[in-house]
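Chemist: Taken in sequence, the protein lines are chains P and Y. Using UniProt numbering, the letters of the first sequence map in sequence onto residues 1 to 330. Using UniProt numbering, the letters of the second sequence map in sequence onto residues 1 to 281.
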Amino acid sequence: MSEAVAEGTAPRPHRRLPIPPVVPMIVALIALWYVAAVPMNIKEALTQVERDGAVVSPESAVERRDMSNWALVARNPQHIAGSWATARPRLPAPHVVVEELYDSTIGEEVNGRRGLVRSGSLSNRSLVYHGLVTLNATFVGFLIGAVLGVALAIGIVHSRVMDMSVMPWAIVSQTIPIVALAPMIIVVLYSIGVQGLIPKAVISAYLSFFPVVVGMVKGLRAPDGMQLDLMRTYNADARTVLQKLRLPSSVPYLFASLKIAIAASLVGAIVGELPVQRGGLGARMLAGSYYGQTAQIWAALLTAAALAAVLVGLLGWLERKTLARMGMQT
Amino acid sequence: MSLVVFALILWAAGWAINVRIANGPGGTTRAGALAVPIIFGATLLGMWELMVRGFDVPRVILPPPSMIATTFSENLGMLWGDFVQTILKGALTGYLMGCAAAFLVALLVDRYDYLRRGLLPLGNFMAALPIVGTAPILVMWFGFGWQSKAAVVVLMVFFPMLVNTVAGLSDTTNMQRDLMRTYASSWGQTLLKLRLPAALPFIFNGLKVCTTLALVGAIVAEFFGSPTLGLGFRISTSIGQLDLGMVWAAILVAAIFGTLFYGIIAGLEKRLTYWHASQRG
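#1: Check each candidate in P:179, P:196 and P:223 and name the one with the smallest Cα separation from residue 204 of chain P.
#2: Scan the stretch 133-150 of chain Y for residues whose Cβ lies nearer than 9 Å to a Cβ of chain P and list them as they occur along the chain.
#3: Buried or exposed for residue 85 of chain Y, going by 16 or more other Cβ atoms inside 10 Å?
#4: Which of the residues in the stretch 39-56 of chain P, read from start to end, lie with their CB under 7 Å from any CB of chain Y?
#5: Given that a residue counts as buried once 16 or more other Cβ atoms are within 10 Å of its Cβ, and exposed if not, what is residue 130 of chain P?
#6: Closest to residue 159 of chain P by C-alpha separation, out of Y:7, Y:2, Y:8 and Y:23, would be which residue?
#7: Evaluate residue 28 of chain Y with the Cβ neighbour count: other Cβ atoms within 10 Å of its Cβ, from every protein chain shown; 16 or more gives buried, anything less gives exposed.
#8: Can you name, in chain order, every residue of its own chain whose Cβ lies under 6 Å from the Cβ of residue 112 of chain Y, other than the five neighbours on each side?
#9: Suppose you measure from the CA of residue 33 of chain Y to the CA of residue 164 of chain P; what does that come to, to the nearest Å?
#10: At 3 residues or longer, what runs of the beta strand (DSSP E) sit wholly inside the stretch 272-321 of chain P?
#11: Quick one: which chain P residues come within Cβ less than 7 Å of residue 355 of chain Y?
#12: Just the C-alpha distance for residue 222 of chain Y and residue 252 of chain P, rounded to the nearest angstrom, thanks.
#13: Alpha carbon to alpha carbon, what distance is there between residue 303 of chain P and residue 98 of chain Y?
#14: In the structure shown, what three-state DSSP assignment does residue 76 of chain P receive?
#15: Does the structure place the stretch 200-218 of chain P close enough to the stretch 175-189 of chain P that three or more beta carbon pairs sit under 8 Å?
#16: Near residue 295 of chain P, what residues of its chain come up, given a Cβ to Cβ distance below 7 Å and the 5 sequence neighbours on each side ignored?
#17: At 4 residues or longer, and completely inside the stretch 156-234 of chain Y: list those alpha helix (DSSP H) runs for me, N to C.
#18: Give the single residue among P:216, P:243 and P:250 whose Cα lies nearest to the Cα of residue 328 of chain P.
#19: Taking the alpha helix (DSSP H) that residue 164 of chain P falls in, what are its first and last residues?
#20: Got a sec: which bits of the stretch 100-115 of chain Y sit with their beta carbon under 7 Å from any beta carbon on chain A, in order along the chain?
#21: What are the start and end residues of the alpha helix (DSSP H) that includes residue 101 of chain P?
#22: Is it the case that the stretch 201-208 of chain Y contacts the stretch 152-169 of chain Y, given that we only count it when at least three CB pairs across the two stretches are under 8 Å?
#23: Starting from the beta carbon of residue 122 of chain Y, find every residue of chain P whose beta carbon is closer than 9 Å, and list them in chain order.
#24: Please compile the residues from chain P whose C-beta is within a distance smaller than 7 Å of the C-beta of residue 30 of chain Y.
#25: Measure from the alpha carbon of residue 136 of chain Y to the alpha carbon of each residue in P:255, P:309, P:143 and P:290, then state which is nearest.
#26: Tell me which residues of the stretch 72-103 of chain P have at least one Cβ-Cβ distance to chain Y shorter than 9 Å, keeping chain order.
#27: Counting only Cβ pairs nearer than 8 Å, list the residues of chain P close to residue 125 of chain Y.
#28: Between which two residues does the alpha helix (DSSP H) harbouring residue 13 of chain Y extend?
#29: Using the Cα positions of residue 125 of chain P and residue 104 of chain P, report the straight-line distance between them to the nearest angstrom.
#30: For residue 174 of chain P, count the other beta carbons within 10 Å of its own beta carbon; 16 or more makes it buried, fewer makes it exposed. Which is it?
#31: What are the boundary residues of the alpha helix (DSSP H) that includes residue 113 of chain Y?
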């Protein structure tokens, strides 16, 4: 009897691998993208095939202009495929974006005149180059912001005056759209002769600073009265309490806020690249929007998304490793 | 130079007063907690004014606060137009639509476990992405008017709100859910009487995070194209004219409204979730 139960609960050896539910969701999303691309691009597509000599249902372009997109799709079902391959789509189909992504990374570096293979340096038309420009600013800004944030948090925890005067402003400043300052910081720093990486890093640092301050103050205050009392019975001075109790117990909080900070830092770098067209993913997006190159915008956007995912993932991995090593649970 | 010395004296005096208040008997009272940051802020403003005048910093680099205040009060009408365009039309519409949509999707996700396991990882992923980057695309689709700004805001607030609401809706213990089951309450009743109230702190957390995101989205989207008014438009054109007083005035509008908006949501939270541990402390 007990054997039968044990047999029943044991996993069957030939069960198929379960598909994680994320996969059908992503497939559905891509399908939706293709469907949405049809009405978005149909006008452009019809104009294009008409120029090539095909017959289009309302023959005059003026008539087509006044019709709704769905009506055009319904009357020209044979040209639906054309809307996934127009030259200047309003919504490029996923495969067009992937193609552009390939062309402007591997394709450009291997085959391009200015690519890595022919010229020995990264092409200024490739997303690898622009991504690295953005990544540099993100990293520098993130490091400055995180170090300053931790330092200020330590000050706030130890000084009552600083806590009372700075902390309310730190919280208020989080409710202000700081990114709006970005173009001004760029222009002002430019006018006093600072340009290139530093202005963008300043914005990134500014954006990543406050999440770290707020998170770290919470973390440094995480030890409860009992633990602090124990330190007092050891006659530990403030420095020892910080090193042996407060800093270790703030590590989970630190990583939680670092993950927010690096995402904010990337946004800061991208927005910082908008006013000065000197490379970077933000500059690439703006150029794409000026010249109507939608595939280029999407490719830059996907690169930025991948960068964000990798950066946050990297911090998450570091968090798990560190916490496991410190004997804390995630 | 005397102005710079005066600025340093002002700083020392402000700090000394704050030290006295903070470490004295008034440090634990409400008045003390209010006075210290105000004195600190006022000292900073005074230092800014004196330093800019003392060092003769060019107006195109850093205008003194007095100049910002004059620009602000002289252009109230124009700034009001910008405020209506960017914040009332763009940010608020998008905020309401985005948060409402996220709430409804969260209810669906919560109802069907398959959706939760499929959509939640996607939502978590999207919440960390630089969604501001979609601004040029949306401006291209919806035109230069406020509609495109609202669309950017909808996208920006949707995922943080979704993730928070879903987390809140699952924040009940088995014991509580079992109790509801012994009362034979339906899904709707459980939702209304137990799970929504329990989710409120999370929902408000999402709403608060989204207030700032909504403003950022509406302003940054205007950098990619806007009619001839709006806070983002004002900022980018005034920079072109090196009229930094106007830039700061526009930022001041955004800052005042951002703080007010956050304050309203936080006040609402206090009234609706007075029972929660974080509010009683």
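Cβ atoms here follow ideal geometry from the backbone N, Cα and C, with glycine treated the same way.
Modeler: So, from the listed chains and residues:
#1: Taking the first sequence and counting its residues from 1, one reaches residue 204 of chain P at position 204. For the residues P:179, P:196 and P:223, the minimum Cα distance to residue 204 of chain P belongs to P:179.
#2: 133, 134, 135, 136, 137, 139, 140 and 141
#3: By 1-based counting over the second sequence, the position of residue 85 of chain Y is 85. Buried is the call here.
#4: Of all residues in the stretch 39-56 of chain P, none comes within less than 7 Å of chain Y when Cβ atoms are compared.
#5: Taking the first residue of the first sequence as position 1, residue 130 of chain P is located at position 130. Buried, since its Cβ has 16 or more Cβ neighbours within 10 Å.
#6: The count along the first sequence starts at 1 and reaches residue 159 of chain P at position 159. Nearest C-alpha to residue 159 of chain P among Y:7, Y:2, Y:8 and Y:23: Y:23.
#7: Here residue 28 of chain Y corresponds to residue number 28 of the second sequence, with the count starting at 1. That one is exposed.
#8: Taking the second sequence and counting its residues from 1, the one referred to as residue 112 of chain Y is at position 112. Excluding residues within five positions, none has a Cβ falling inside 6 Å.
#9: Your numbering for residue 33 of chain Y matches position 33 in the second sequence. Your numbering for residue 164 of chain P matches position 164 in the first sequence. Rounded to the nearest angstrom, the two C-alpha atoms are 7 Å apart.
#10: none
#11: As shown, chain Y starts at 1 and ends at 281. That puts residue 355 of chain Y outside it, with no answer to give.
#12: As a working note, residue 222 of chain Y is residue 222 in the second sequence. As a working note, residue 252 of chain P is residue 252 in the first sequence. Straight-line Cα distance between these residues: approximately 37 Å.
#13: Reading the second sequence from its first residue, position 98 is the one you call residue 98 of chain Y. Reading the first sequence from its first residue, position 303 is the one you call residue 303 of chain P. If you take the alpha carbons of residue 98 of chain Y and residue 303 of chain P, they lie about 25 Å apart.
#14: Mapped onto the first sequence, residue 76 of chain P falls at position 76. If DSSP states are grouped into helix, strand and coil, residue 76 of chain P belongs with coil.
#15: yes
#16: The residue labelled residue 295 of chain P in the question sits at position 295 within the first sequence. Hits under 7 Å: 92, 96, 97 and 100.
#17: 174-182, 187-190 and 196-222
#18: As a first step, residue 328 of chain P must be located in the first sequence, where it is residue number 328. The shortest C-alpha separation from residue 328 of chain P is found at P:250.
#19: Numbered from 1 along the first sequence, position 164 holds the residue referred to as residue 164 of chain P. Looking at the DSSP string, the run of the alpha helix (DSSP H) that includes residue 164 of chain P is 160-174.
#20: Considering every chain present, this structure includes no chain A. Its protein chains are P and Y.
#21: Translated into the one-based positions of the first sequence, residue 101 of chain P becomes position 101. In this chain, the alpha helix (DSSP H) harbouring residue 101 of chain P covers 94-102.
#22: yes
#23: Working through the second sequence from its first residue, we reach residue 122 of chain Y at position 122. The contacting residues are 22, 25, 26 and 29.
#24: The sequence position of residue 30 of chain Y within the second sequence is 30, counting from 1. Residues of chain P passing the Cβ test: none, with the nearest at roughly 12 Å.
#25: If you number the second sequence from 1, residue 136 of chain Y lands on position 136. The shortest Cα separation from residue 136 of chain Y among P:255, P:309, P:143 and P:290 belongs to P:290.
#26: 90 and 91
#27: The residue given as residue 125 of chain Y occupies position 125 in the second sequence. Those are 309, listed as they occur along chain P.
#28: Translated into positions along the second sequence, residue 13 of chain Y becomes position 13. 2-23 is the span of the alpha helix (DSSP H), which, as asked, contains residue 13 of chain Y.
#29: The residue given as residue 125 of chain P occupies position 125 in the first sequence. The residue given as residue 104 of chain P occupies position 104 in the first sequence. Computed Cα separation, rounded: 7 Å.
#30: The residue labelled residue 174 of chain P in the question sits at position 174 within the first sequence. Counting Cβ neighbours within 10 Å, residue 174 of chain P comes out buried, since at least 16 surround it.
#31: As a position in the second sequence, residue 113 of chain Y is number 113, starting the count at 1. Start and end: 113-127.
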